[in-house]
Every structure is written in C-alpha cells, then in structure tokens.
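Under UniProt numbering, think of the first position of the sequence shown as 1, with each following residue one higher. Positions of the beta carbon are idealized from the N, C-alpha and C atoms, including for glycine. If you're wondering where the values come from, they're calculated on a predicted model, not measured in any experiment.
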Amino acid sequence: MIPRAECEGSQREVLTHATTFDDALDIIYRTVGCTDIGKKPVLMYKLSTATTKVNPISLASQADWDGCLDEVTAAEGKKKVNVNILVTEQYLLSLRTKLGIKSGVPAKSKGSKNRIPILDLEHAQSGEDDFDDGLGIMEKERNWIQQLQAKYTKCQLCGPTKSCKIDISGNHHNLSNNQLRAWAHSLAVGTHNVTLVTPPHDGLFSMFFKNSHGPAPSTSAPPGPFPSFAPYLAMNSMNPYGFMPPWGMHFPGNPTTPITPTPVPQPRSSPAPGPSKLAAAFASSDPPDMGMVNPYPEITDFLHELDGYQPKRHLLDYIDKFNDLDFYNIDEIGNLKTPQVLVDTAGISLGNATYILTQVKAEMKRVDRARRLTA
Numbered sequence: 001m002i003p004r005a006e007c008e009g010s011q012r013e014v015l016t017h018a019t020t021f022d023d024a025l026d027i028i029y030r031t032v033g034c035t036d037i038g039k040k041p042v043l044m045y046k047l048s049t050a051t052t053k054v055n056p057i058s059l060a061s062q063a064d065w066d067g068c069l070d071e072v073t074a075a076e077g078k079k080k081v082n083v084n085i086l087v088t089e090q091y092l093l094s095l096r097t098k099l100g101i102k103s104g105v106p107a108k109s110k111g112s113k114n115r116i117p118i119l120d121l122e123h124a125q126s127g128e129d130d131f132d133d134g135l136g137i138m139e140k141e142r143n144w145i146q147q148l149q150a151k152y153t154k155c156q157l158c159g160p161t162k163s164c165k166i167d168i169s170g171n172h173h174n175l176s177n178n179q180l181r182a183w184a185h186s187l188a189v190g191t192h193n194v195t196l197v198t199p200p201h202d203g204l205f206s207m208f209f210k211n212s213h214g215p216a217p218s219t220s221a222p223p224g225p226f227p228s229f230a231p232y233l234a235m236n237s238m239n240p241y242g243f244m245p246p247w248g249m250h251f252p253g254n255p256t257t258p259i260t261p262t263p264v265p266q267p268r269s270s271p272a273p274g275p276s277k278l279a280a281a282f283a284s285s286d287p288p289d290m291g292m293v294n295p296y297p298e299i300t301d302f303l304h305e306l307d308g309y310q311p312k313r314h315l316l317d318y319i320d321k322f323n324d325l326d327f328y329n330i331d332e333i334g335n336l337k338t339p340q341v342l343v344d345t346a347g348i349s350l351g352n353a354t355y356i357l358t359q360v361k362a363e364m365k366r367v368d369r370a371r372r373l374t375a
C-alpha cells in the first residue's frame with residue numbers, strides 16, 4: 001500500500017520477491033507522484049500485521065529491501081501480508097502544494113497549533129529533509145547500529161560474529177538484523193525509555209521483558225555446557241580470536257594445561273549431553289571450515305523470532321525437541337527433504353513443520369546472499 005499525493009488514501013501495487021530495489025523505488029515514486037521531483041521522500045515501511053507500538057523501519061537501501069522481503073516471508077502463514085509504505089505528512093503536503101493539488105488534509109500536525117512547514121522540493125540537496133531531517137535520521141540509525149554491534153559482539157560464548165544480549169535469567173539471545181535495525185531506529189528518533197541497554201518494548205524484544213520464575217530456553221546455546229562451545233572445540237591455539245572455553249577442559253590430542261578464567265554465569269539446564277551432541281553441533285550445509293563459527297542462526301533464536309510473527313503456532317514448544325534431537329543451527333534442519341521428517345522425528349504438526357522448514361530455507365538463502373555480498 002503506497003500513499004498518493006493526488007488524493008487521500010493509498011494505492012495497492014503488486015510487488016513480488018523478484019522485484020528489485022530499484023524497480024520498487026520507481027513504482028513507489030510513480031505512485032506517490034514524485035518521479036520528476038528533485039527531492040525524494042524518506043521512505044519507511046511497516047507490515048500490516050505489526051501492532052501500533054512497532055516502529056516503522058527505514059527503506060533506504062538494498063539491505064533494507066532484502067530485510068523487508070525476509071519479514072514478509074516470515075510473516076506469511078495462511079494469509080497474505082500487506083507492506084505499508086510510509087511517507088511523512090510534511091512531504092505529502094509539500095508535494096501537493098508544489099503540484100497545485102487541493103486536499104482536505106490539514107496543514108497542521110496532529111496535536112499541534114503550528115503549521116507544517118513546506119519543504120523546498122526543487123533541490124535534492126537543499127539541506128532540508130522531512131521526518132525530522134530524514135537523511136540525518138538514517139545516519140543516526142547507522143551510528144546506533146554500529147554502537148549496538150560494538151556493545152553486543154563481546155560475548156565470549158557466542159563469539160565476535162554474533163550480537164548477543166543476555167536476558168534477566170542469564171540466557172543468551174543472538175540479535176537478528178531486524179532487531180538491530182528496529183532498536184537503532186528507536187534510538188535515532190528518541191523513543192522513550194529506549195537505551196543501549198534497554199531495547200524497544202515490543203514483540204521483537206519480548207524475550208527481554210518476560211517475567212519468568214526460571215530461565216527460558218537459551219536463544220544462542222542449547223542446554224548443557226558442551227554444545228555452547230562447539231565452535232571453540234574446532235579452534236586450537238592457532239584460532240583467529242584466541243578464545244578458550246570458560247572453564248578448564250582436556251581434549252584428546254591437545255594435552256595442554258587447563259585454563260580456568262572467571263566463570264561465566266550459566267542458565268540452569270538439563271545434564272550435559274554426550275559426545276553425539278558435540279558431533280551434531282558441527283553439522284552444516286556448507287563444507288566444514290573448522291576455523292569458522294556457523295554463520296546460520298541458532299534454532300532457538302530463529303523460533304523466538306518466528307514466534308513474534310506467528311504466536312498462534314506456539315513454536316517455542318519445539319525448542320526442547322530440537323535440542324533433544326541434537327539440532328542446534330537452522331542449516332541442520334534446512335537440509336531435510338520434506339516436512340514429514342520433522343513430523344515423524346520431533347512430533348511437530350504437519351502445518352508447523354511445513355512453515356518452519358519454509359522459513360528456514362528462506363533465511364538460509366538470505367544468509368548466503370549476505371555472505372556473498374560481503375565476501
């Protein structure tokens with residue numbers, strides 16, 4: 001749904017996953033009516049399934065467009081999801097004024113006695129911008145993302161390639177790109193009570209605001225002390241980061257003296273799994289690279305994110321089942337040929353098994369695409 005300057009309301013346009021970002025911009029600008037205008041609007045988007053408390057997300061780059069498509073894929077169950085493209089009231093009013101279009105839209109902001117200032121749309125570099133100097137907002141978002149990544153990539157358990165935030169129960173949660181962007185946007189626009197420590201109070205971050213009497217399932221490490229450190233078992237003294245497990249361990253073929261740093265608080269969990277779980281943690285769809293951390297999200301983290309979009313599916317109930325089957329990263333189930341395998345082995349309903357496998361394959365494609373772009 002795209003707003004139009006020539007009339008109130010929005011117009012429906014059909015964009016598919018095959019639509020490129022440049023083509024999407026052409027369609028949006030044509031629908032808004034600003035194709036021939038030097039100053040383009042700052043675009044945001046919001047899914048039709050999002051609540052009013054969820055902040056809109058910037059749509060300013062190819063990465064933003066890819067993130068939007070991924071959100072649509074994750075949110076689509078049995079019904080279609082609309083993407084609402086948002087353009088600020090100030091820009092639409094300025095565009096209507098420039099085009100000589102009369103509209104019933106008031107020239108004052110809601111709840112304000114001040115008239116909305118008209119933007120100079122003739123010059124793309126006029127120094128003015130809508131949405132609280134929108135280009136400045138995007139720059140602020142990028143700066144906040146950098147600060148968030150700097151703060152939350154220091155976890156010795158999860159490694160420097162993952163942004164990890166620990167909840168009040170001591171569980172580790174890997175922050176997704178969508179979570180980082182939403183958090184950075186809230187910081188950029190000055191959302192009340194949002195800081196580098198406290199994320200926005202919405203569905204994407206519900207795991208940090210739940211009141212529980214015991215620790216919830218970890219979103220970055222499966223139960224037990226050993227699987228959490230599967231990546232470290234592949235790293236000897238020549239590994240690039242020099243990490244060691246948080247307690248002394250003896251490994252065959254590596255008769256070094258155990259090193260015992262300050263213990264890291266661990267969530268209470270079931271007894272440590274046996275060697276089979278250590279082997280399963282290495283499973284990956286990529287050729288094994290013993291010096292690299294698995295690039296794909298952990299299943300627990302991924303199910304938490306899907307649960308925010310489809311709470312009626314109760315996907316969090318399956319976390320323990322995947323752990324019992326020694327499935328920890330999404331690529332380990334992404335290689336399954338049919339959903340029926342999950343039905344037979346994990347007791348998951350056919351509908352949920354189909355949904356999970358579809359979302360896993362889509363996320364793996366997104367991760368692979370991002371890795372190719374940064375290679």
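- Query: By Cβ distance below 6 Å, which residues in the same chain neighbour Q179 in space, the five residues on each side in sequence not counted?
  - Reply: L204
- Message: Taking contact to mean 3 or more Cβ pairs, one atom from each stretch, closer than 8 Å, check whether the segment 291-303 and the segment 54-73 are in contact.
- Response: no
- Message: So, for W183: in the same chain, excluding its five sequence neighbours on each side, which residues have a beta-carbon less than 7 Å away from its beta-carbon?
- Response: L148, P199 and P200
- Item | Any alpha helix (DSSP H) of 4 or more consecutive residues that is wholly inside the segment 20-97 | 21-32 and 62-75
- Query: In chain order, what residues of the same chain lie with their CB nearer than 7 Å to the CB of L187, ignoring the 5 residues before and after it?
  - Reply: W144 and V194
- Distance CB(A346)-CB(F322) smaller than 8 Å: yes
- Residues bridged to residue 456 [DSSP beta-bridge criterion]: This structure does not reach residue 456, given that the chain is present from 1 up to 375, and the question cannot be answered.
- Message: Quick test of your reading: A4 and V32, contact by CB under 8 Å. State the CB separation rounded to the nearest angstrom.
- Response: For the sequence presented, residue 4 should be read as Arg rather than Ala. Correct: roughly 6 Å between the Cβ atoms.
- Task: Please look up how many angstroms separate the CB atoms of N174 and C164, rounded, as I've assumed it's under 8 Å.
- Result: 6 Å
- Message: Rounding to the nearest angstrom, what Cα-Cα distance links E6 and L59 in this structure?
- Response: 22 Å
- Task: Could you spell out the range, first to last residue, of the alpha helix (DSSP H) harbouring residue 376?
- Result: This structure does not reach residue 376, given that the chain is present from 1 up to 375, and the question cannot be answered.
- Task: Specify the secondary structure class of A124 as computed by DSSP and reduced to three states.
- Result: For A124, the predicted structure reports a pLDDT of 48, less than 50, and the residue's modelled location is therefore unreliable. The matter cannot be settled from this model.
- Host alpha helix (DSSP H) of V194 (start-end): Taken as a continuous stretch (DSSP letters only), V194 belongs to no alpha helix (DSSP H), as it is neither H nor E.
- Message: Is the beta carbon of K40 closer than 8 Å to that of Y29?
- Response: yes
- Task: Under 8 Å Cβ to Cβ from D70, same chain only, skipping five residues before and after it: list those, please.
- Result: N178, A362, E363 and R366
- In terms of DSSP beta bridges, what is S10 paired with? P3
- Query: Quick one: what's got a C-beta closer than 6 Å to L315's C-beta in the same chain, skipping five residues either side?
  - Reply: L303, L306 and D307
- Task: From the DSSP output, in three-state form, read off H304 for me.
- Result: helix
- Task: Return the first residue and the last residue of the alpha helix (DSSP H) that T345 is part of.
- Result: Q340 to A346
- Item | Cβ neighbour criterion (16 or more within 10 Å) applied to V14 | exposed
- Message: Assuming the contact rule is C-beta atoms closer than 8 Å, I85 and I2 should be a hit. Round their C-beta distance to whole Å, please.
- Response: 5 Å
- Assign Q11 to one of two classes, buried (16 or more other C-beta atoms within 10 Å of its C-beta) or exposed (fewer than that). exposed
- Item | Any chain D beta carbon closer than 8 Å to L99 | In the structure shown, chain D cannot be found, because there is only a single protein chain.
- Message: For Q156 and A50, what's the separation of their Cα atoms in angstroms?
- Response: 34 Å
- Query: The alpha helix (DSSP H) spanning I333 covers which residue range?
  - Reply: D331 to G334
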